[in-house]
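Structure record follows, encoded as structure tokens.
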Amino acid sequence: MDEAEGHLGSYPSFDAFFTRPLKKGARAISSDPIVSPSDGKLSCFGRIDTGAQIHVKGQLYEAGELIGDAEDARRYSGGQFAVVYLAPGDYHRVHSPVDGNVTLLRGIPGDLYPVNSIGERYVPQLFVRNNRVAIVIDTATLGRVTVVMVGATIVGRISVTAMPGPFVPPGVHDISPSLPVSRGDEIGMFHLGSTAVVLLEPGITLTRDIGVVRMGQSLVSES
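Be aware that the sequence shown starts at 146, since it is given in the working numbering, and climbs by one per residue.
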């Protein structure tokens, strides 16, 4: 609570408490080109197969299903992905991992299975079965980066900065004019907690160790 704006009695609702913003300057933003989009646990990362497939905790995912566009997913073949799990006690806002412009949103309806070790073990294709929002960020040096916010049990709502309103409707939404973002700028929030998946085109390798990570920490070094 010391890092959050306001005090315990200042939040008008349970949702307001769980989506509380951080105080300005509470997180240092690395100067490296790719940073963690959220507080949580970096549960896995690695290479995206040539066929745009992602291996996560023993399950094989089609990147096209995950982001809601099979053709756009081809650009990520040979690239990198990272999965950050937000526990209920974590800070619940998601921030841009890169400098660029938010140009597109995809609202992808689905279920709300738990996104934790139990869900990962017993629910096949968990990430592509759950409700999610894909946030597309076009960059000058890294190509197109997609951040997928995956919903979970109790997390029935995902809101984003680029689209005013309580949630993102199903479908593809062009953001015009595009929304400029810098590393660490807020791009969305979970109305409780869940998972953020970052997809990157070929050309950069993620090197951070698995484990606890904070928003703004580098994903390409241990700084």
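All residues carry an ideal CB built from backbone N, CA and C; glycine is no exception.
Pairing residue 342 with residue 309, the inter-Cα distance amounts to about 22 Å. Pairwise C-beta distances place the stretch 241-250 in contact with the stretch 279-286, as three or more of them are shorter than 8 Å.
Considering only 180, 186 and 224, the residue with the shortest C-alpha distance to residue 198 is 224. Pairing residue 360 with residue 329 gives a Cβ-Cβ distance under 9 Å.
Sequence-distant partners of residue 316 (beyond 5 residues in either direction) whose C-beta falls short of 8 Å from its own C-beta, in its chain, are 251 and 252. Across the structure, residue 326 and residue 212 are spaced so that their CA atoms are roughly 20 Å apart. Under the DSSP assignment, residue 345 falls in the beta strand (DSSP E) whose first and last residues are 340-345.
Per DSSP, residue 244 is not a residue of any alpha helix (DSSP H), being assigned neither H nor E. Burial is judged here by how many other beta carbons sit within 10 angstroms of a residue's own beta carbon; residue 357 has fewer than 16 and is exposed.
In the DSSP assignment, residue 318 forms a beta bridge with 250.
Contact annotation, residue 222 with residue 196: C-beta distance approximately 7 Å; criterion of less than 8 Å satisfied. Bounds of any beta strand (DSSP E) do not take in residue 223, whose DSSP letter is neither H nor E.
Under DSSP, residue 190 takes part in a beta bridge, and its partners are 227.
Closest by C-alpha distance to residue 185, out of 218, 204, 237 and 208, is 237.
For residue 333, the beta-bridge partners assigned by DSSP are 239 and 305. Straight through space, the alpha carbons of residue 234 and residue 190 are spaced by roughly 22 Å.
About 14 Å separates the Cβ atoms of residue 311 and residue 276, ruling out a contact at the 8 Å cut-off.
Note on geometry: alpha-carbon atoms of residue 313 and residue 180 lie some 24 Å from one another. Sequence-distant Cβ neighbours of residue 347 in its own chain, meaning closer than 7 Å and more than five residues away, are 223 and 224.
Following the DSSP letters along the chain, one finds residue 212 inside the alpha helix (DSSP H) bounded by residues 208-212.
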